[in-house]
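Since the structure comes first, as structure tokens, the remarks are kept for the end.
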Amino acid sequence: MSLAKKAVELKGGTVTLMSLLVQSIEPEEVKAALKEKIEQAPTFFGGAPILIDFSGLEGLNQKTIEPLIVAVRESNVMPIAVRGAEDELHDRLRELNLPPLRAEDKSLQKEDDKIQRIVGSPRVESRPIRSGQQVYAQEGDLIIMANTSAGSELIADGSIHVYGPLRGRALCGVTGNDKARIFCESLEAELVSIAGNYKVLEEIPAELQGRRVQVWLDEHKLNIEPF
Amino acid sequence: MSKIIVVTSGKGGVGKTTTSASIAAGLARAGKKTVVIDFDVGLRNLDLIMGCERRVVYDFVNLINGESNLKQTLIRDKRVDNLWILPASQTRDKDALTKEGVEKVLKDLMRDKFEYIICDSPAGIEQGARMALYYADEAIVVTNPEVSSVRDSDRILGILQSKSRRAELNQSPVTERLLVTRYDPERVDTGQMLSVNDIVELLAIPLLGVIPESKVVLESSNQGRPVVLENESTAGQAYDDAVARLLGEKRPMRFLTSEKKGFFKRLFGR
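Protein chains in written order, with the working numbering: chain A, 1 to 227; chain B, 228 to 497.
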């Protein structure tokens, strides 16, 4: 009996959704621009569910909002929600069968910033990191003021700074921070990695080896440059 | 106050026991009451290098287990005053070494006013090697001029920093010194071997000495004589320099360049 299937179940999750940033108050302009977009890739856009985003659009009010939504609906896409509309327009949106979403949740963003600041304290090591040793700077930067050896492992949630030769493995942003970087006085590393994107020694151009460099991530591509 | 010095390397066959024997004999010759302990339980060698294998009655493990006392177990060297040998057991394995047991023996030796306690570590990074370095105040890291030996020395330095008693109790760290052995300047010149500078750069610890490759080392090992007693040989002199530096004397590094083969080589080149 307890094994019987429930009629409904609520599950949390995230879905990828296209959002349509509307930047004109003129329905005809919106319609024309959308038509052009859709013609470029009809199978991709045709009937696709989208989120209408009015963020930053001036002149949006009780009167102008409906024609814009109609224009979108007539363009062979399916708006399923709206965001970026002022609170006083939310009732009007519900009448149009479009649930309003909160604009970019600023309160949450602030909370994130606060966390970033609290956890920012670095781990500093002044003695050489030897082969077989592993140093992890949790929730912060790792700063090494000495040599690191082949066969050592430097791991940080934040960035890694080595004031000496970097000879072992250096993995930064291991919890996903793709803004983390690696800095060293002499690049001789076996492996460098930022947020899971890595390069081994063989893939590092010879002219960069032994140089004072920084490593950073740009769109999943590791960049290594002398400085 | 006794000083406990571990002679270690990680890698096998680089000259730990040869070095332990020579450093201990050198210190004793300088008038310091010294004991050298073989931690290589099950693969006992130090007694052979020291030429006292026929006089072994009790061993390190007997002492740990309370089956013998210091007086019965320590073997007095016949050539050098102030020098004693504590041989390893050949019939046991490294698990016979415990922190408590080793500490007890070291305390007994300290009470007996030994100035230097030299611990000859087995190869590897397991129980035997860890016990040999655990109580060390100083470490002599023996390295051959080749990459795998340097890598292993680096590993053992990491263990000294994290697994020694001094590290665990957050005391001042173990003093680390590098001893490069089997150094052949000619092969360094032709790029077959790492140079002393390369090794020092990689390991980043102070250099205690460089022992040149020499036939005399094998010969004296076979005869059970510490190399440091071979005053005529380059290796013997280099060990003597290393001992002097250990005692605080400043001596320039010798035997770092390839010598010309000629009259002097024939005369002195043993």
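Cβ coordinates follow ideal geometry from the N, Cα and C atoms, glycine included.
Amino acids of chain A, ordered along the chain, whose beta-carbon sits closer than 9 Å to that of residue i
i: Gln388 of chain B; result: Arg127, Pro128, Arg130 and Gln133
Closer than 7 Å at the beta carbon, the chain A residues around residue i
i: Gly385 of chain B; result: Arg130, Ser131, Gly132 and Gln133
Candidates the options, of which the one nearest residue i by Cα
i: Met277 of chain B; options: B:Asp425, B:Asn449 and B:Arg378; result: B:Asn449
i: Lys120 of chain A; options: A:Ile143, A:Gln134, A:Pro128 and A:Thr148; result: Reading off the sequence shown, one finds Gly at residue 120 of chain A, where the question assumed Lys. Ranking A:Ile143, A:Gln134, A:Pro128 and A:Thr148 by Cα distance to Gly120 of chain A puts A:Ile143 first.
i: Tyr285 of chain B; options: B:Ser316, B:Asp265, B:Phe266 and B:Asp304; result: B:Ser316
i: Pro226 of chain A; options: A:Leu201, A:Gly12, A:Leu187 and A:Lys37; result: A:Leu187
i: Ile352 of chain B; options: B:Glu395, B:Phe266 and B:Arg306; result: B:Phe266
i: Val307 of chain B; options: B:Arg409, B:Gly463, B:Ala252 and B:Thr370; result: B:Ala252
i: Leu473 of chain B; options: B:Ile345, B:Asp304, B:Asp335 and B:Leu324; result: B:Ile345
i: Glu327 of chain B; options: B:Lys340, B:Arg319 and B:Asn292; result: B:Asn292
i: Glu446 of chain B; options: B:Ser399, B:Gly463, B:Asn424 and B:Val437; result: B:Gly463
i: Ser399 of chain B; options: B:Met228, B:Asp364 and B:Leu435; result: B:Asp364
i: Thr64 of chain A; options: A:Phe45, A:Val135, A:Glu86 and A:Ala81; result: A:Glu86
i: Val470 of chain B; options: B:Ser348, B:Leu405 and B:Gln299; result: B:Leu405
i: Asn289 of chain B; options: B:Arg281, B:Leu275, B:Ala323 and B:Glu280; result: B:Ala323
i: Thr402 of chain B; options: B:Gln388, B:Asp379, B:Val415 and B:Arg409; result: B:Gln388
i: Leu456 of chain B; options: B:Thr245, B:Val415, B:Phe341 and B:Leu396; result: B:Thr245
i: Leu434 of chain B; options: B:Arg378, B:Pro479, B:Ala255 and B:Leu275; result: B:Pro479
i: Asp157 of chain A; options: A:Leu166, A:Met78 and A:Arg123; result: A:Arg123
i: Lys221 of chain A; options: A:Val135, A:Leu10 and A:Tyr198; result: A:Tyr198
Contacts of residue i in chain A (Cβ-Cβ under 8 Å)
i: Arg256 of chain B; result: Here the premise fails: no neighbours, minimum Cβ distance about 34 Å.
Cβ distance (whole Å) where residue i is taken to contact residue j below 8 Å
i: Gly132 of chain A; j: Gly385 of chain B; result: 5 Å
i: Val162 of chain A; j: Glu185 of chain A; result: 7 Å
i: Val454 of chain B; j: Val443 of chain B; result: 6 Å
i: Thr261 of chain B; j: Asn309 of chain B; result: 6 Å
i: Leu430 of chain B; j: Glu373 of chain B; result: So it is not a contact: roughly 13 Å between Cβ atoms.
i: Ser247 of chain B; j: Leu273 of chain B; result: 7 Å
i: Leu57 of chain A; j: Ile80 of chain A; result: Not a contact, Cβ separation roughly 19 Å.
i: Lys321 of chain B; j: Gln354 of chain B; result: 4 Å
i: Asp53 of chain A; j: Ser75 of chain A; result: Incorrect: roughly 15 Å between the Cβ atoms, too far for contact.
i: Ala150 of chain A; j: Arg167 of chain A; result: 5 Å
Practice item. With 9 Å as the C-beta to C-beta threshold (strictly closer), list the residues of the stretch 143 to 172 of chain A near chain B in chain order. Key: If you check each beta-carbon in the stretch 143 to 172 of chain A against every beta-carbon of chain B, the ones closer than 9 Å belong to Ala146, Asn147, Ser149, Ala150, Gly151, Ser152, Gly164, Pro165 and Arg167.
Exercise for review: Taking only beta carbons into account, state which residues of the stretch 413 to 433 of chain B come closer than 9 Å to chain A, listed in chain order.
Suggested key: Taking 9 Å as the Cβ-Cβ cut-off against chain A, the residues of the stretch 413 to 433 of chain B that qualify are Glu428, Leu429, Leu430, Ala431 and Ile432.
Review point. At a Cβ cut of 7 Å, what residues of the stretch 363 to 382 of chain B count as close to chain A, listed as they run along the chain?
Key: Listed by position, the residues of the stretch 363 to 382 of chain B near chain A (Cβ gap below 7 Å) are Arg378, Asp381 and Arg382.
**Study point:** Runs of beta strand (DSSP E) lying entirely within the stretch 173 to 225 of chain A, each at least 3 residues, in chain order
**Key:** Within the stretch 173 to 225 of chain A, the complete beta strand (DSSP E) runs of at least 3 residues are 182 to 187, 191 to 194, 197 to 200 and 213 to 218.
**Study point:** Complete runs of the beta strand (DSSP E) confined to the stretch 35 to 80 of chain A [at least 3 residues]
**Key:** Within the stretch 35 to 80 of chain A, the complete beta strand (DSSP E) runs of at least 3 residues are 49 to 53.
Practice item. Quick one: which unbroken beta strand (DSSP E) runs of 3-plus residues sit fully inside the stretch 252 to 300 of chain B? Chain order, please. Key: DSSP runs (the beta strand (DSSP E)) wholly in the stretch 252 to 300 of chain B: 261 to 265.
Review point. Which runs of the alpha helix (DSSP H) spanning at least 4 residues fall entirely within the stretch 403 to 462 of chain B, listed in chain order?
Key: Here the runs fully enclosed are 412 to 416, 423 to 430 and 442 to 450.
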